[in-house]
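Chemist:
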Amino acid sequence: MANSSSASSITESADSSIGKGDSPSTPQLRQFSHSLWSPEIARFRAIYFKVILPTIALIIFVMWMALPVYWGSLDHQRTYTDRLKVYLIDHDGSDIGAAVTAAVQANIANTTHSKLGWKIASPDMYPTNNDAIVGLLNEESWMTVVVQPNATANLVAARATGNTSYDPTQAILVYYSQGRNELAANNYLVPYSQALLNAALGAFNAKEVAAYLAAQGTNTTALQTAIKAPWTLSEPVSYTMFTSSDYVYRRDCNSDVRFPESSVVMNIYSAPIATAILLVGSIYIIIFGFVISMTGFVVRAPLEPYLSVRQLLLLRIGAPVTIYLAISLFFAMLSLPYKVPFDARPGAGYAGGFFLYWVFVYLTMCSLGLATEAAIQVLTPRFLTFFLLPLIISNVSVGSVPIDIQPWFYQYGYGFPMYNMTIAVRAIIFNTKNHMGRNAGIILAWIALSIFNIVIVTLWQRRKALRTAAQAAGPAGIEGGKA
Numbered sequence: 000m001a002n003s004s005s006a007s008s009i010t011e012s013a014d015s016s017i018g019k020g021d022s023p024s025t026p027q028l029r030q031f032s033h034s035l036w037s038p039e040i041a042r043f044r045a046i047y048f049k050v051i052l053p054t055i056a057l058i059i060f061v062m063w064m065a066l067p068v069y070w071g072s073l074d075h076q077r078t079y080t081d082r083l084k085v086y087l088i089d090h091d092g093s094d095i096g097a098a099v100t101a102a103v104q105a106n107i108a109n110t111t112h113s114k115l116g117w118k119i120a121s122p123d124m125y126p127t128n129n130d131a132i133v134g135l136l137n138e139e140s141w142m143t144v145v146v147q148p149n150a151t152a153n154l155v156a157a158r159a160t161g162n163t164s165y166d167p168t169q170a171i172l173v174y175y176s177q178g179r180n181e182l183a184a185n186n187y188l189v190p191y192s193q194a195l196l197n198a199a200l201g202a203f204n205a206k207e208v209a210a211y212l213a214a215q216g217t218n219t220t221a222l223q224t225a226i227k228a229p230w231t232l233s234e235p236v237s238y239t240m241f242t243s244s245d246y247v248y249r250r251d252c253n254s255d256v257r258f259p260e261s262s263v264v265m266n267i268y269s270a271p272i273a274t275a276i277l278l279v280g281s282i283y284i285i286i287f288g289f290v291i292s293m294t295g296f297v298v299r300a301p302l303e304p305y306l307s308v309r310q311l312l313l314l315r316i317g318a319p320v321t322i323y324l325a326i327s328l329f330f331a332m333l334s335l336p337y338k339v340p341f342d343a344r345p346g347a348g349y350a351g352g353f354f355l356y357w358v359f360v361y362l363t364m365c366s367l368g369l370a371t372e373a374a375i376q377v378l379t380p381r382f383l384t385f386f387l388l389p390l391i392i393s394n395v396s397v398g399s400v401p402i403d404i405q406p407w408f409y410q411y412g413y414g415f416p417m418y419n420m421t422i423a424v425r426a427i428i429f430n431t432k433n434h435m436g437r438n439a440g441i442i443l444a445w446i447a448l449s450i451f452n453i454v455i456v457t458l459w460q461r462r463k464a465l466r467t468a469a470q471a472a473g474p475a476g477i478e479g480g481k482a
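Residues in the sequence shown are numbered consecutively from 0, following numbering that gives the first Met the number 0.
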């Protein structure tokens, strides 16, 4: 719509200029007959380049100002992985615990940036596996590695008695939250922790088995007994790290809650369709708001001169907010056929989870849509795109990658609508820690700011229109125009 109006204004400008100063000898314009460089269309060509060249320059300027924000959000992730806090809890207090602790200490001392933020915590911090899980669900860490009580003693006893049920993978249990951020979990937490544990336990197993065999010497009875528990010789110590679709989501973070005594992924990223909700869908929310702003600007123009200020504000604010209700509802309903787990939070139920999701989609659409409503009054449709691009990029840059592994600059994301919507949606569909009150408050603050901007711009434009009308009316002045 904006392009057609701009084109018509350019054409009118060129037409009016052609009629001025043309002599009878000036070549006449003929439809469908000229090349781009024909002298007959020189004025049209000049207007074309006068518009297109500054537009190209403005696009390049905005591109270089906005896109580096997104590029930068992805570029330094490995540099800041040591901000992903990982606790090591040694309940063994013997050889196995000492080997893992030594490996972690060596990793901490390493100056490389591509490592996790290991912390060796006191066993009293999490006395049981259940306490470690509760701490993880409360986002006290991104991962917790627990060396089990009596891990070394259990290995020694299994060899001595030929315990065929000995399971080396139960010596070390690993807990982490995948739903908190699947990128951090799959790209950094899992591979980095596996690399450390594999190296540490590989060295420990080789040394420990060699020492055991050397100590037994010709004691065939002891060796025959140990062979009955083959894992004690082939791989004495290991760990377990796996996803479990059977894990029951719980957010009852109390010390008396019993969780499965195994290594599990907490808050599983169990719905790949969530990518559409959390990242790409977020962009669509902004675009839909942008379309409403563009359409509203055009259809509202004939009405504005005849509306009081109060009615004009009602139209500029009330109409979009009402329209967003329907659009956000149908947007949210798109996820229903794909069985997004809206019932992940205990007690919420599927309907309750869906309603919460719709509320956050609606609030986010209001916050970003009203921002474009305010901007279009100042920039006009012709330049609104140059506001839309930074708005999308600044929000998306902090929506997919954990801010913990981004440079400090990206901490602005904590106060942006898209980041807060994704955190709230993760709590709804992956049962991560509940920050929804804070998330909603920040988004509502954006809505209030946008409404304030719309009011200020509307009052300024109305005052300007009244002054122009008064000058045009002359000494008689004008009547009306009051709120």
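Yeah, the Cβ is synthetic: ideal placement off N, Cα and C, and Gly gets one too.
Would the beta-carbon of residue 117 fall within 8 Å of that of residue 103?
Modeler: yes
Chemist: Give me, in chain order, the residues of the same chain whose beta-carbon lies closer than 6 Å to that of residue 33; leave out the 5 immediate sequence neighbours on both sides.
Modeler: Taken in chain order, the residues that qualify are 39, 40.
Chemist: Measuring alpha carbon to alpha carbon, tell me which of 392, 430, 456, 428 ends up nearest residue 63.
Modeler: When only C-alpha atoms are compared, the closest one is 392.
Chemist: Contact between the region 51–70 and the region 379–396 is defined here as three or more beta-carbon pairs at a separation below 8 Å; is this criterion met?
Modeler: Because the criterion of three Cβ pairs below 8 Å is met, the region 51–70 and the region 379–396 touch.
Chemist: Can you tell me whether residue 238 is buried or exposed, with buried defined as 16 or more other CB within 10 angstroms of its CB?
Modeler: buried
Chemist: Out of curiosity, what's the CA-to-CA distance linking residue 147 and residue 169?
Modeler: 8 Å
Chemist: On the three-state DSSP scale, how would you describe residue 240?
Modeler: coil
Chemist: Just to confirm my understanding: we take residue 253, look at its own chain, exclude 5 residues before and 5 after, and list those with CB closer than 6 Å. What are they?
Modeler: Unreliable placement is indicated for residue 253, whose pLDDT of 41 sits below 50; the coordinate value is still reported in the next sentence. Result list for residue 253: empty, nothing under 6 Å.
Chemist: Three-state secondary structure (DSSP) at residue 469?
Modeler: helix
Chemist: With DSSP run on the structure shown, which of helix, strand or coil describes residue 174?
Modeler: Residue 174 sits in a strand when the DSSP states are folded into three classes.
Chemist: Tell whether a beta-carbon distance below 8 Å holds between residue 137 and residue 432.
Modeler: Judged by their CB atoms, residue 137 and residue 432 are nearer to each other than the 8 Å cut-off.
Chemist: Could you tell me which of 361, 280, 355 sits nearest to residue 321, measuring between CA atoms?
Modeler: When C-alpha distances from residue 321 are compared across 361, 280, 355, the shortest belongs to 361.
Chemist: Could you tell me whether the Cβ atoms of residue 402 and residue 80 are closer together than 8 Å?
Modeler: no
Chemist: Which runs of the alpha helix (DSSP H) at least 4 residues long sit entirely within the region 425–458? Give them in chain order.
Modeler: none
Chemist: Between the C-alpha atoms of residue 471 and residue 75, what's the straight-line distance to the nearest angstrom?
Modeler: 59 Å
Chemist: Identify every residue that forms a DSSP beta bridge with residue 116.
Modeler: According to DSSP, which records beta bridges pairwise, residue 116 is partnered with 84.
Chemist: Determine contact between the region 322–329 and the region 426–443, defined as no fewer than three beta-carbon pairs at a distance below 8 Å.
Modeler: no
Chemist: Could you name the residues that DSSP lists as bridge partners for residue 143?
Modeler: DSSP lists 86, 174 as partners of residue 143.
Chemist: Could you check where the alpha helix (DSSP H) with residue 206 kicks off and where it finishes?
Modeler: Run containing residue 206: 189–215, per the alpha helix (DSSP H) assignment.
Chemist: For residue 341, I'd like the list of residues in its chain whose CB is within less than 7 Å of its CB, leaving aside the five on either flank, ordered along the chain.
Modeler: 349, 352, 353, 356, 427, 428
Chemist: Give the secondary structure of residue 166 by DSSP, where H, G and I count as helix, E and B as strand, and everything else as coil.
Modeler: coil
Chemist: Below 8 Å on the Cβ atoms is my guess for residue 221 versus residue 215; work out the distance and round it to an integer in Å.
Modeler: 5 Å
Chemist: Can you find at least 3 beta carbon pairs, one from the region 408–422 and one from the region 85–102, that sit closer than 8 Å?
Modeler: no
Chemist: So what does DSSP say about residue 151, is it helix, strand or coil?
Modeler: helix
Chemist: Compare the beta carbon distance of residue 142 and residue 88 with 8 Å and say whether it is the shorter of the two.
Modeler: no
Chemist: What does the Cβ neighbour count give for residue 260, buried or exposed, with the cut at 16 atoms within 10 Å?
Modeler: Interpretation of residue 260 is limited by its pLDDT of 39, a score under 50 that renders its predicted location unreliable; no figure is taken from the coordinates.
Chemist: Please list, in chain order, all residues of the same chain as residue 131 whose beta carbon is under 7 Å from its beta carbon, the five residues on each side excluded.
Modeler: 88, 125, 143, 145, 174
Chemist: Near residue 28, what residues of its chain come up, given a Cβ to Cβ distance below 6 Å and the 5 sequence neighbours on each side ignored?
Modeler: 39
Chemist: Report the residue from 78, 414, 454, 289 whose alpha carbon sits nearest the alpha carbon of residue 110.
Modeler: 78
Chemist: Going straight from the alpha carbon of residue 82 to that of residue 115, what length do you get?
Modeler: 7 Å
Chemist: Return yes when the Cβ of residue 157 is within less than 8 Å of the Cβ of residue 228, no when it is not.
Modeler: A contact, by the Cβ cut-off of 8 Å.
Chemist: Please look up how many angstroms separate the CB atoms of residue 441 and residue 398, rounded, as I've assumed it's under 8 Å.
Modeler: Not really, about 14 Å apart at Cβ, beyond 8 Å.
Chemist: With distance defined between alpha-carbon atoms, name the residue in 329, 330, 298 nearest to residue 318.
Modeler: It is 298 whose Cα lies nearest to the Cα of residue 318.
Chemist: Quick check: what's the CA-CA separation for residue 367 versus residue 443?
Modeler: 11 Å
Chemist: Restricting to Cα atoms, I'd like to know which of 418, 218, 225 is closest to residue 164.
Modeler: When only C-alpha atoms are compared, the closest one is 225.
Chemist: What distance in whole Å lies between the Cβ atoms of residue 373 and residue 276, which are believed to be in contact at a cut-off of 8 Å?
Modeler: Not confirmed; about 27 Å, so no contact.
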